[in-house]
Amino acid sequence: MSLLSIRNFSVSIENKEILHDLSMEVEADTLTVVMGKNGTGKSTLAYALMGHPAYKVPSGEAIFNGEPIVGMAADKIAKMGMFLGFQQPVEVPGVTVVKFLQTATRALNGGELNYDIFQEELLTVLEKLGIDQSFLYRYLNDGFSGGEKKRLEILQLLMLKPKLAILDEPDSGLDVDAMKVVAEGINMARKNGTAILLITHYKRLLNYLNPDRVIVLADGTLARDGGMELADKIESDGYDFLTSRIS
Ligand SMILES: Nc1ncnc2c1ncn2[C@@H]1O[C@H](COP(=O)(O)OP(=O)(O)OP(=O)(O)O)[C@@H](O)[C@H]1O
Ligand SMILES: [Mg+2]
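All residue numbers for the sequence shown refer to this note's numbering, where the first residue is 1 and numbers rise by one.
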C-alpha cells in the first residue's frame, strides 16, 4: 500500500478548477519530485492535500496512510503525520520559534512534551543546520531573510519527524551553501523515515539528493512520470518537450 495515493483528484479555488484528474502515488521511504511550469498547480496540490479550507476538491480522493483525507481539517492531517514546508513561509509576529516548535511537538505527541529530550534534539538540529540559537527567541519568520525562512522550514521538518513531508520549493532563493544545508536536512529527514514529496524548478538541489521518481505536471494534471532524466531534460530544454509531438 502506498503512503499517499491520489486518485482522479481535482482541486478548485474560488470556483476555478486548477488541478484535474490527477492520479499519483507516493511510496513510504521514497523521495518523489514534482516539477512543472509556474502556475501549473504544484502549490495548489500541496495546499489541497494539507487541508487548506480555500482549496476545494470537487472530485477524486487522497488516501494518506490508509485513510481518506479530503475534507479533513489541517491539524488532523498534520497529526496523521503530514507536513508542509511552505513556498512562502508565513510570518507570525508574537510567536517565537521555540514556542511554536514546542506547541507543534506537543500537539503531535498527544499533548505531551519531554522538555529535556526536546531541548537536546533542538540543539543538535540547530547545530546541523547552522542556525544560531538566538533564532529560537525571534518571532516566527518575522524579518527573516528568504534563506533563513527556508532553513526554519527544514528545522521544523527535522523536529516534527512527519511520515510525509511536502516541501514546496525549499531551494528557492538560496545561496549555494544554504542549498547544501537544506539538502543535508532533507537527507537527514529521510534517515528519520520521512517520505518526501519535493516541489522544485531546478536540478541543483536534486544533485545532492537521490530522487526515486520525478513527475511533471502540466495544465493541472500529470504530464510525465519518470526519473532524473526528466529533470535533466527540463534543465536543458525547458518544458517545450511536453507539447512537442516528437518528445
Ligand atoms: N487564491 C487564489 N485565487 C485565485 N487563483 C489562485 C489562487 N491560488 C492559486 N491560484 C491560481 O492557481 C494556479 C496555480 O497556482 P499554484 O500556486 O498552484 O502554481 P505553482 O505550480 O505552484 O506555481 P509556481 O511554480 O509559480 O509556484 C495559478 O494560475 C494561480 O494564479
Ligand atoms: Mg508554487
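Idealized CB from N, CA, C, for every residue including glycine.
task = Using alpha carbons as the reference points, say which of Ser10, Ile6, Val33 and Gly143 lies closest to Asp232.
result = Ranking Ser10, Ile6, Val33 and Gly143 by CA distance to the CA of Asp232 puts Val33 first.
ask   = Do you know offhand how far Val251's Cα is from Val216's?
value = Lying outside 1 to 247, the shown extent of the chain, residue 251 is not represented and no answer is given.
query = Ordered along the chain, which non-local residues of its own chain (more than five positions away) have a Cβ less than 8 Å from that of Ser247?
reply = Summary for Ser247: the model assigns pLDDT 45, below 50, so the residue's position carries little reliability, and this model does not support an answer.
ask   = Helix or strand or just coil, what does DSSP make of Leu101?
value = In the three-state reduction of the DSSP assignment, Leu101 falls in the helix class.
ask   = Sorry if obvious, but does the Cβ on Gln156 come closer than 7 Å to a heavy atom of ligand 1?
value = Of the heavy atoms belonging to ligand 1, none sits nearer than 7 Å to the Cβ of Gln156.
request  = State yes or no: is the C-beta of Leu129 within less than 8 Å of the C-beta of Leu155?
outcome  = Yes, the Cβ-Cβ distance between Leu129 and Leu155 is below 8 Å.
ask   = What is the DSSP secondary structure of Asp168, reduced to helix, strand or coil?
value = Strand at Asp168.
DSSP-derived helix/strand/coil call for Thr44 = DSSP places Thr44 in helix when its eight states are reduced to three.
query = At which residues does the beta strand (DSSP E) containing Val57 begin and terminate?
reply = Unbroken beta strand (DSSP E) run through Val57: Tyr55 to Phe64.
inquiry  = Closer than 7 Å to a non-hydrogen atom of ligand 2 - does that hold for the CB of Glu153?
reply    = No - ligand 2 has no heavy atom lying nearer than 7 Å to the Cβ of Glu153.
message = Between Glu61, Asp116, Asp75 and Leu84, which has its C-alpha nearest Ala165's C-alpha?
response = Closest option to Ala165, Cα to Cα, is Leu84.
task = With a threshold of 7 Å, establish whether the CB of Lys42 neighbours any heavy atom of ligand 3.
result = Absent from the structure shown: ligand 3. Ligands present: ligand 1 and ligand 2.
ask   = Hey, Lys191 and Met82: beta-carbon distance below 8 Å or not?
value = In this structure, Lys191 sits away from Met82, with a CB-CB distance that is not shorter than 8 Å.
key: Paired residues, beta bridge with Gly85 - DSSP   = DSSP lists Leu167 as partners of Gly85.
task = Less than 8 Å between the CB atoms is what I'm expecting for Lys150 and Leu174, so what's the real figure, rounded?
result = The Cβ separation is near 6 Å, so the contact holds.
task = With DSSP collapsed to three states, give me the class of Thr30.
result = In the structure shown, Thr30 sits in coil (DSSP, three-state: anything other than H, G, I, E or B).
Limits of the beta strand (DSSP E) - the one that Leu218 falls within = Note on identity: in this sequence residue 218 is Ala, with Leu being the wrong assignment. Arg213 to Ala218 is the span of the beta strand (DSSP E), which, as asked, contains Ala218.
request  = Might you give, ordered along the chain, the residues of its own chain that have their beta carbon closer than 8 Å to the beta carbon of Met262, omitting 5 neighbours on each side?
outcome  = Given that the chain is displayed from residue 1 to residue 247, the structure contains no residue 262 and the question cannot be resolved.
ask   = Under 8 Å between C-beta atoms, does Lys42 make it to chain B?
value = Among the chains of the structure shown, chain B does not appear; only one protein chain is present.
request  = Give the single residue among Thr200, Ala195 and Leu167 whose Cα lies nearest to the Cα of Tyr47.
outcome  = Nearest C-alpha to Tyr47: Leu167.
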